[in-house]
Structures are given as structure tokens and as C-alpha cells.
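Undergrad: In our numbering, the protein residues as written are 44 to 344.
Where a beta carbon is used, it is the ideal one built from N, C-alpha and C, also for glycine.
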Ligand SMILES: [Zn+2]
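1. Under three-state DSSP, which class holds residue 249?
2. Compute the Euclidean distance between the alpha carbons of residue 104 and residue 323, then round it to the nearest angstrom.
3. For residue 119, does the three-state DSSP call read helix, strand or coil?
4. Give me, in chain order, the residues of the same chain whose beta-carbon lies closer than 6 Å to that of residue 203; leave out the 5 immediate sequence neighbours on both sides.
5. Which of the three DSSP states is assigned to residue 110 in this structure?
6. For a minimum of 4 consecutive residues, which ranges assigned as the alpha helix (DSSP H) are wholly contained in the stretch 134 to 192?
7. I need the straight-line Cα distance from residue 144 to residue 81, nearest angstrom please.
8. Which of the three DSSP states is assigned to residue 79 in this structure?
9. Can you tell me which residues form a DSSP beta bridge with residue 54?
10. Can you name the start and end residues of the beta strand (DSSP E) that residue 103 belongs to?
11. Go through its chain and collect everything with a Cβ distance to residue 118's Cβ below 6 Å, but skip five positions before and after it.
12. If I'm right that residue 181 touches residue 77 with Cβ under 8 Å, what's the distance once you round it to whole angstroms?
13. Determine the DSSP secondary structure at residue 324, reduced to helix, strand or coil.
14. Check the DSSP bridge columns for residue 132 and list the partner residues they point to.
15. Strictly closer than 5 Å from CB to any heavy atom of ligand 1: give me those residues in the order they appear in the chain.
16. Can you list, in chain order, the residues of its chain whose CB lies under 7 Å from that of residue 108, leaving out five sequence neighbours each side?
17. Taking 8 Å as the cut-off, decide whether the C-beta atoms of residue 114 and residue 58 are in contact.
18. Quick one: using the 10 Å Cβ neighbour count with 16 as the cut-off for buried, is residue 196 buried or exposed?
19. Let me check one thing: in DSSP terms, what residues is residue 62 bridge-paired to?
20. Between the C-alpha atoms of residue 139 and residue 339, what's the straight-line distance to the nearest angstrom?
21. Roughly how far, in whole angstroms, is the beta-carbon of residue 160 from the beta-carbon of residue 74, given that I think they are within contact range, below 8 Å?
22. Just to confirm the assignment, what range does the alpha helix (DSSP H) spanning residue 93 have?
23. For residue 165, which of 314, 125 and 50 has the nearest alpha-carbon?
24. Are residue 371 and residue 247 close, meaning C-beta to C-beta below 8 Å?
25. Is it buried or exposed for residue 126, if we count other Cβ within 10 angstroms and need 16 for buried?
26. Taking its Cβ as the centre, do 16 or more other Cβ atoms sit within 10 Å of residue 149, making it buried, or is it exposed?
27. Once the 5 residues before and after residue 201 are set aside, which same chain residues still bring their CB inside 6 Å of it?
28. Drop a sphere of 10 angstroms on the beta-carbon of residue 98, count the other beta-carbons inside from all chains shown, and report buried for 16 or more, exposed for fewer.
Put into C-alpha cells, the structure is as follows:
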């Protein structure tokens, strides 16, 4: 992965048709594990899935550990043959290093696959990776040998590694960051995708990309960074509202990003014009919030 904290894959080779746009309003709660029953590149997976139209996954972990993204997290991959389950999960494919009957995966695939499981569990607040709780084999949903040794001989090693990475990522992300106020962190994490509400996940992703504290809050730094990125006339990080953190999380309720003269909108107008491409009326609203999320997803922020 280029970046575990932001879930940026080594390469992005997207399926053109073998997936459903969006997740039908569902949030991500599970990780599903698969094996190729072969050793494919990300490019070969993408081709196979688009050609057959019968299956897909969000990520492919290749035999050397390279990870490719083939379906965006916010879309539904055709992973486990169960529509409701697919809408709630992220499917990871793994290349095999041996065929039948063992169907094992290489050390590099195991390490990077387990790390990806940990990164997904951290990013989507799923808790520590746990088999049968937030991590499931494809075979749980249909009669299939998938994911081979990941569900049998290598399962213990795979899950132990996933837990190790999860603990490590937790230490890394808490180092130097503030604890969010009680009751705030859990409130809106499901809504970061494209719903026009800027929740902690949106903010955290932005923070990780910009080297800020990844606490999901960080209002002053966050706004200052936005102001800098958009060449706003003011860089004061100042946000209107009695509770700036909550106001930021519920973006449509944010009344203004103000300049030092207290007049309101020059900073905010610049952000709208330069970063979001929305109507530069100086008033943030749901349309701006959705444009913000779109820019975040597409890596423009
Ligand atoms: Zn499978």
C-alpha cells in the first residue's frame, strides 16, 4: 500500500462494470477474505471480473504483496454472493503461491493482506480484527473452497498478523493526537461516503493526507490547512459556532469560515472556488459538503 492510514493502494485498476455504485445506504462493517484459486495480477483480476460479470472484490493482494484497488470502498463489489452482505463488507482477494490441494498464500501476501485487514478495521472503526466477528471467509456465505488455506492452515498466522498490525496502527495514530470528547467520536462515522455530512472519517482522511493529527476533530488545524490549500486571504483557522468541533462534523450546520476582520466569508468563498468548484456564495451547505467528500475520495484534497 502507498498509505495504510488513508487506504491508498499501490495501484488502482478499477472494474468498469462488475460492481454496484454505492452501498445502498449501508456502512462498512465487515471484511471478507478470498483467494484467487490461482496467482493473478490486479490487472488480470480486473479483466476476469469485467469479462465474466460474475464477481469482483475491492482489493487484490498479489503474490509479491503488491495491493491493487479494483472497486472503490464506497461501491459494492460482488464478493460473497449475497447482496446484503456485499453492501456491508469489503472483499479482499489474495493470490495463491500453491495450487490444490493446499491453496496456500505467500508470506508477502499474508503479511500485506493481514495489514490491509487491520487498516480497514482501523479506518472504519470495526474494532480489533476478529475471525467470525468482523472478518469472515467467503465460505461463510456460500458453498466454496474460497479462501483456501487462509481459512484453514494459515488462518492462525493470518489473524495473528492482522491483530499485530491493528495494534501497531493504533499506537501510531494515537501518538501525539488528542482524545476526542466523549460521545463525539462514535456519532457520525458511518456517513463519510457521500451523504453531505462531514463526519470524523472524512476529517480523519483529510488529516492523514495532510500530516495533521488524525483525531477526526482538529478544527483549527483543519480549517487553517483548508485556507492555505485554497489561497484564502485569511489563515486564522477560525470557525464560527459555539462548538466548533461539532459544527465541523455536521458541516451543513457550520455557518461560516471567517476572516480575521470578522466579516465572514472571504476565506470560505475562496475554498468554495478553488477546492470545491461550488457556487462561491460564502455560505457552506450540503452541496459544498458533498463536493468536499467527492474531492476527498478522488484524492484532490
Ligand atoms: Zn471468494
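TA: Looking at the coordinates:
1. For the purposes of this step, residue 249 is taken as the residue at position 206 of the chain shown. Helix, per DSSP.
2. On the chain shown, residue 104 is found 61 positions in, with the first residue counted as 1. On the chain shown, residue 323 is found 280 positions in, with the first residue counted as 1. If you take the alpha carbons of residue 104 and residue 323, they lie about 43 Å apart.
3. Stepping through the chain shown from its first residue, residue 119 is reached at position 76. Residue state, collapsed to three classes: strand.
4. As a first step, residue 203 must be located in the chain shown, where it is residue number 160. Answer for residue 203: no residue qualifies.
5. By 1-based counting over the chain shown, the position of residue 110 is 67. Of the three classes helix, strand and coil, the one that applies to residue 110 here is strand, per DSSP.
6. Entirely contained in the stretch 134 to 192, the alpha helix (DSSP H) runs reaching 4 residues are, in chain order, 150 to 166.
7. What you label residue 144 is simply residue 101 of the chain shown in a count that begins at 1. What you label residue 81 is simply residue 38 of the chain shown in a count that begins at 1. The alpha-carbon atoms of residue 144 and residue 81 are separated by roughly 12 Å.
8. Sequence index remark: in the chain shown, residue 79 carries index 36 (1-based). Reduced to three states, the DSSP call for residue 79 is coil.
9. Walking along the chain shown from the start, residue 54 turns up at place 11. Per DSSP, 111.
10. Within the chain shown, numbered from 1, the residue matching residue 103 stands at position 60. It spans 102 to 104 - the beta strand (DSSP E) in which residue 103 sits, taken as one unbroken run.
11. Within the chain shown, residue 118 is the residue found at index 75, counting from 1. Cβ neighbours of residue 118 beyond the five flanking positions: 62 and 64.
12. Counted from its first residue, the chain shown places residue 181 at position 138. Counted from its first residue, the chain shown places residue 77 at position 34. Yes, residue 181 and residue 77 are in contact; Cβ-Cβ is about 5 Å, under 8 Å.
13. Residue 324 sits at position 281 when you count from the first residue of the chain shown. In this structure, residue 324 counts as coil in the three-state DSSP scheme.
14. Indexing the chain shown from 1 puts residue 132 at position 89. In the DSSP output, where bridge partners are listed per residue, residue 132 has 73.
15. This selection yields 77, 181 and 189.
16. As a working note, residue 108 is residue 65 in the chain shown. Answer for residue 108: 151, 152, 154 and 155, listed in chain order.
17. As a position in the chain shown, residue 114 is number 71, starting the count at 1. As a position in the chain shown, residue 58 is number 15, starting the count at 1. Yes; because the gap between Cβ atoms is below 8 Å, this pair is in contact.
18. Within the chain shown, the letter at position 153 stands for residue 196. That one is exposed.
19. Working through the chain shown from its first residue, we reach residue 62 at position 19. In the DSSP output, where bridge partners are listed per residue, residue 62 has 120.
20. On the chain shown, position 96 is the one that residue 139 refers to. On the chain shown, position 296 is the one that residue 339 refers to. Near 34 Å, if we compare the C-alpha coordinates of residue 339 and residue 139.
21. Position 117 of the chain shown, counting from 1, holds the residue named residue 160. Position 31 of the chain shown, counting from 1, holds the residue named residue 74. A Cβ-Cβ separation of about 5 Å places residue 160 in contact with residue 74 under the 8 Å criterion.
22. Residue mapping note: residue 93 aligns to position 50 of the chain shown, counting from 1. Taken as a continuous stretch (DSSP letters only), the alpha helix (DSSP H) holding residue 93 covers 85 to 95.
23. The count along the chain shown starts at 1 and reaches residue 165 at position 122. The candidate whose alpha carbon is nearest that of residue 165 is 50.
24. As displayed, the chain neither begins before 44 nor continues past 344, which places residue 371 out of reach and without an answer.
25. The residue labelled residue 126 in the question sits at position 83 within the chain shown. Under this definition residue 126 is an exposed residue.
26. As a working mapping, residue 149 is identified with position 106 in the chain shown. Its Cβ being crowded by 16 or more others within 10 Å, residue 149 is buried.
27. Start at 1 with the first residue of the chain shown, and residue 201 comes out as number 158. Same-chain partners within the cutoff: 153, 157 and 193.
28. For the purposes of this step, residue 98 is taken as residue 55 along the chain shown, with counting starting at 1. It is buried - the Cβ of residue 98 has at least 16 other Cβ atoms within 10 Å.
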